[in-house]
Amino acid sequence: MPRPRLPLAWLVVLLLLAAAAFLASLAIGSAPLSLGQLADALGGHADPLPTTLVMELRLPRSVNAFAVGGLLALAGGLMQVLLRNPLADPYILGVSGGAAVGALGTLLAGLAGLWINGGAFLGALFSTLVVFALSHGRGGWTPTRLLLTGIAVAAGWGAAISLMLVLGSDASLHSMLFWLMGDFSYQSSGTLALPVLAVGLLAALPFARQLNVLARGETLAEALGIAVRPLTVAIYIVASLFTAVAVAQAGAIGFVGLVVPHMLRLTIGADHRRLLPGAVLLGGSLLLLADTLARTVAAPRQLPVGVVTAAIGVPLFLYLLNRARGPL
Amino acid sequence: MSGARLTAERLSVRIAGRWVCRDLDLALDPGTRLGVLGCNGAGKTTLLHTLAGLRRPESGRVLLDGTPLASLPRRRIAQRLGLLMQQPEDGLPASVLETALIGRHPHLDFWRWESHADVAIARRALKAVGLDGLEQRAQTALSGGERRRLDIATVLAQDPGLFLLDEPAHQLDLHHQLGLLELLRRHTELEGRSVVLSLHDINLAARFCSSILMLFGDGEVLQGKAADVLTPANLTRLYRTEVRSLPWDGGRAFVAG
Numbered sequence: 005m006p007r008p009r010l011p012l013a014w015l016v017v018l019l020l021l022a023a024a025a026f027l028a029s030l031a032i033g034s035a036p037l038s039l040g041q042l043a044d045a046l047g048g049h050a051d052p053l054p055t056t057l058v059m060e061l062r063l064p065r066s067v068n069a070f071a072v073g074g075l076l077a078l079a080g081g082l083m084q085v086l087l088r089n090p091l092a093d094p095y096i097l098g099v100s101g102g103a104a105v106g107a108l109g110t111l112l113a114g115l116a117g118l119w120i121n122g123g124a125f126l127g128a129l130f131s132t133l134v135v136f137a138l139s140h141g142r143g144g145w146t147p148t149r150l151l152l153t154g155i156a157v158a159a160g161w162g163a164a165i166s167l168m169l170v171l172g173s174d175a176s177l178h179s180m181l182f183w184l185m186g187d188f189s190y191q192s193s194g195t196l197a198l199p200v201l202a203v204g205l206l207a208a209l210p211f212a213r214q215l216n217v218l219a220r221g222e223t224l225a226e227a228l229g230i231a232v233r234p235l236t237v238a239i240y241i242v243a244s245l246f247t248a249v250a251v252a253q254a255g256a257i258g259f260v261g262l263v264v265p266h267m268l269r270l271t272i273g274a275d276h277r278r279l280l281p282g283a284v285l286l287g288g289s290l291l292l293l294a295d296t297l298a299r300t301v302a303a304p305r306q307l308p309v310g311v312v313t314a315a316i317g318v319p320l321f322l323y324l325l326n327r328a329r330g331p332l
Numbered sequence: 023m024s025g026a027r028l029t030a031e032r033l034s035v036r037i038a039g040r041w042v043c044r045d046l047d048l049a050l051d052p053g054t055r056l057g058v059l060g061c062n063g064a065g066k067t068t069l070l071h072t073l074a075g076l077r078r079p080e081s082g083r084v085l086l087d088g089t090p091l092a093s094l095p096r097r098r099i100a101q102r103l104g105l106l107m108q109q110p111e112d113g114l115p116a117s118v119l120e121t122a123l124i125g126r127h128p129h130l131d132f133w134r135w136e137s138h139a140d141v142a143i144a145r146r147a148l149k150a151v152g153l154d155g156l157e158q159r160a161q162t163a164l165s166g167g168e169r170r171r172l173d174i175a176t177v178l179a180q181d182p183g184l185f186l187l188d189e190p191a192h193q194l195d196l197h198h199q200l201g202l203l204e205l206l207r208r209h210t211e212l213e214g215r216s217v218v219l220s221l222h223d224i225n226l227a228a229r230f231c232s233s234i235l236m237l238f239g240d241g242e243v244l245q246g247k248a249a250d251v252l253t254p255a256n257l258t259r260l261y262r263t264e265v266r267s268l269p270w271d272g273g274r275a276f277v278a279g
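If you read the sequences in order, they're chains A and B.
Heads up, the final residue of the first sequence is numbered 332 in my numbering, and it's a clean run with no missing numbers.
Heads up, the final residue of the second sequence is numbered 279 in my numbering, and it's a clean run with no missing numbers.
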């Protein structure tokens, strides 16, 4: 796909959206700040109270929400290419199920804080390895075999999750359900998500043109000079790792990973050289806005961010889908 | 791009326990038009994929311009050798122009974007198969025959010295079948490129091919000049169906039964 005439217009729009989402998330809350106060706080010139509020409470959470949204959208875009299936999302191969079992296990054991993140991350990695090993089987590694293996493993995790919910005490049940719907309120300190996102995007971008070819089929990609085997294994590992980091950080937030790549295909086209950075910006912004709403609309109650994400994303996506005349 | 020279040395290919060919020697000089004929399941696709380096042969080797395929990077192979698959995957949604542009991939360096020249090549390829004007159409919105022509346009945009075409005429109407063969004839006669194509239509093969390779499905093969090999006796044996030839317009026409 040749460079468009206004090559960076889409990028500018998405960057502005991301900046707006950040400003909104930092200014809005139980103690609203004006833009002036916000600038002072970010610059370190303000009173201690707003400075603490912005720098220690809101900014880390905003960065975290943005990075998780970016990771999920990026992972979703990669999974869709790997499986050549528009229904693929980051969780389709069971990564989130494994993470959930890990996280709920730590909650059941009465642990809290970073234990939950650690449990989720280990569960996600374990599930990734199981699906990878089983899907190789004796035959080749086809998208269908991978998909079916992943779905079967995910179903197994689903049963395990139900069992844990039944076994859980009333006290732990609430936090378990919140975790399952996706939630940023556990997260307090530094985040792994942003560096993983930055490194991941930079590592994936050079391969974006190869992804364009792989999206047309594996044999064709091979015939057009791509080393398909290493590329697909790399996509699988990278997308699973992104998902694992995201899920460990914030629980299984649905929808972003499925829908953001499609929103971009419907607006800026299917070229992965635009789609990948676009997914990071749009997915990050969407989740950041959703989290801002989740912690403010029913304040002092916090809503699960996954619910808000769907509330914004579903109508937006259906509108784009309905309006679309291009390839889909 | 000029013609590529493909050679097979003592090539033995097997699939699912059945031999496709044993100790096959092939030499495709620039300008060759080789037709591969055989029944369903005789191994035409398997042989083409082996010649494209997508499958390892049981024994023997394939050389491209004198270098064994196995020792060439895939991208180098793709710059010289284009494969039209019998039934490509649908893949994710894309427009007609985006799909044809995929053919330029092997010619672009790692960091490069498609240039205006690449787009021009893809548009020319689409025009050559009569898909000009449909560039922005979704590839999934095309008819079966149009879809086939888009696959052909993609391999034309790849601009290889050697075409390996798996049933290129499949799903094409008569007009486009002949148009395709005429196009390929120009590529071979004027530019010295070579074509290997599998066909089910004996008359198309007789009309277009300079040489013929028959796969009998049990490892036995027969190759030679089209005029020598395309005889009622050989064809009857190949298809296990009576094939007769009739004098036709200074040449011959083949009819079954």
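Heads up, the beta-carbon is just placed ideally off N, CA and C, and yes, glycines get one too.
Below 8 Å CB to CB, which residues in the same chain sit around residue i once its five sequence neighbours on both sides are set aside?
i, result
"Leu133 (chain A)", "none"
"Lys247 (chain B)", "Ser232, Ser233 and Ile234"
"Ala227 (chain B)", "Gly57, Leu59, Leu221, Ile234, Ala248 and Leu252"
"Leu322 (chain A)", "none"
Taking the C-alpha atoms as reference points, what is the distance between residue i and residue j?
i, j, result
"Ala142 (chain B)", "Leu178 (chain B)", "12 Å"
"Gly101 (chain A)", "Val72 (chain A)", "17 Å"
"Gly152 (chain B)", "Arg159 (chain B)", "14 Å"
"Leu28 (chain B)", "Arg97 (chain B)", "16 Å"
"Ser34 (chain B)", "Thr54 (chain B)", "22 Å"
"Leu205 (chain A)", "Asn225 (chain B)", "54 Å"
"His197 (chain B)", "His140 (chain A)", "45 Å"
"Glu189 (chain B)", "Gln108 (chain B)", "6 Å"
"Thr55 (chain A)", "Ile230 (chain A)", "51 Å"
"Arg9 (chain A)", "Leu201 (chain A)", "Residue placement at Arg9 (chain A) cannot be trusted, given a pLDDT of 49 that sits under 50; what the coordinates show is reported in the next sentence. Straight-line Cα distance between these residues: approximately 29 Å."
"Ala31 (chain A)", "Val67 (chain A)", "14 Å"
"Thr263 (chain B)", "Pro254 (chain B)", "10 Å"
"Leu85 (chain B)", "Val243 (chain B)", "20 Å"
"Arg266 (chain B)", "Thr223 (chain A)", "38 Å"
"Ser289 (chain A)", "Pro64 (chain A)", "15 Å"
"Leu393 (chain A)", "Gly282 (chain A)", "An answer regarding residue 393 (chain A) cannot be provided, because it is not within the stretch 5 to 332 covered by chain A."
"Arg171 (chain B)", "Trp135 (chain B)", "25 Å"
"Lys66 (chain B)", "Leu151 (chain A)", "30 Å"
"Ser131 (chain A)", "Gly25 (chain B)", "50 Å"
"Thr153 (chain A)", "Gly241 (chain B)", "37 Å"
"Ser173 (chain A)", "Asp295 (chain A)", "28 Å"
"Leu167 (chain A)", "Val105 (chain A)", "10 Å"
"Leu39 (chain A)", "Arg233 (chain A)", "51 Å"
"Leu6 (chain B)", "Asp45 (chain B)", "In the structure displayed, chain B extends from 23 to 279; residue 6 (chain B) sits before or after that span and is not available."
"Glu226 (chain A)", "Leu94 (chain B)", "13 Å"
"Thr236 (chain A)", "Ala248 (chain A)", "18 Å"
"Met267 (chain A)", "Leu293 (chain A)", "16 Å"
Residues of chain A with CB closer than 9 Å to the CB of residue i, please, in chain order.
i, result
"Arg97 (chain B)", "Leu228, Gly229, Ile230 and Ala231"
"Thr68 (chain B)", "Those do not exist, as Thr68 (chain B) stays about 13 Å from chain A at its closest Cβ, beyond 9 Å."
"His127 (chain B)", "Arg213, Gln214, Asn216, Val217, Ala225, Leu228, Gly229 and Ile230"
"Met107 (chain B)", "Gly221, Thr223, Leu224 and Ala227"
Tell me which same chain residues have a C-beta within less than 6 Å of the C-beta of residue i, skipping the five on either side of it?
i, result
"Thr317 (chain A)", "As written in the sequence, residue 317 (chain A) is Gly, which differs from the Thr given in the question. Here the set comprises Phe259 and Val263."
"Trp183 (chain A)", "Ala107 and Gly255"
"Ala212 (chain A)", "His276, Arg277 and Leu280"
"Gly75 (chain B)", "Leu91 and Ile99"
"Leu206 (chain B)", "Val217"
Listing by chain order, which chain B residues have their CB less than 7 Å from the CB of residue i?
i, result
"Gly337 (chain A)", "No statement about residue 337 (chain A) is possible, as the shown extent of chain A runs from 5 to 332 and does not include it."
"Ala274 (chain A)", "Leu114, Pro115, Ala116 and Glu120"
Report the neighbours of residue i on chain A: residues whose CB is nearer than 7 Å to its CB, in chain order.
i, result
"Phe132 (chain B)", "Pro210"
"Ala100 (chain B)", "Ala227, Leu228 and Gly229"
Give me the chain A residues within the contact set of residue i, using Cβ-Cβ distance strictly less than 8 Å, ordered along the chain.
i, result
"Ala74 (chain B)", "Ala227"
"Ile124 (chain B)", "Asn216, Val217, Arg220, Leu224 and Leu228"
Which residues in the same chain have their Cβ closer than 7 Å to the Cβ of residue i, if we skip the five residues on either side of it in sequence?
i, result
"Pro284 (chain A)", "Per the sequence shown, residue 284 (chain A) should be read as Val rather than Pro. If we look at Val284 (chain A) and ignore the five residues flanking it on each side, its Cβ neighbours are Gly74, Ala77, Leu78, Leu201 and Leu205."
"Leu19 (chain A)", "Leu285"
"Val341 (chain A)", "Examination of residue 341 (chain A) is not possible in this model, given that chain A is present from 5 through 332 alone."
"Leu202 (chain B)", "Ile174, Pro190, Ala191 and Leu194"
Inset, instruction - May I ask you to list, following chain order, the residues of the region 68-90 of chain A that have a beta carbon less than 9 Å from some beta carbon of chain B? - result: Gln84, Val85, Arg88, Asn89 and Pro90
Legend entry - Positions along the region 35-52 of chain B whose CB lies within less than 9 Å of some CB in chain A: none
Inset, instruction - Could you please tell me which residues of the region 245-269 of chain A, in chain order, have their CB closer than 8 Å to any CB of chain B? - result: Arg269
Inset, instruction - Identify every run of the beta strand (DSSP E) within the region 36-91 of chain B, keeping only runs that are complete inside it and at least 3 residues long; order them along the chain. - result: 40-50, 55-60 and 81-86
Inset, instruction - Anything in the region 100-119 of chain A with a Cβ closer than 8 Å to a Cβ of chain B? List those residues in chain order, please. - result: none
Legend entry - Whole alpha helix (DSSP H) elements within the region 96-178 of chain A, 4-residue minimum: 99-112, 118-140 and 147-171
Legend entry - Contiguous alpha helix (DSSP H) assignments of at least 4 residues, all confined to the region 88-133 of chain B: 96-102 and 118-123
Legend entry - Residue ranges of each alpha helix (DSSP H) within the region 149-205 of chain B, 4 or longer: 166-180
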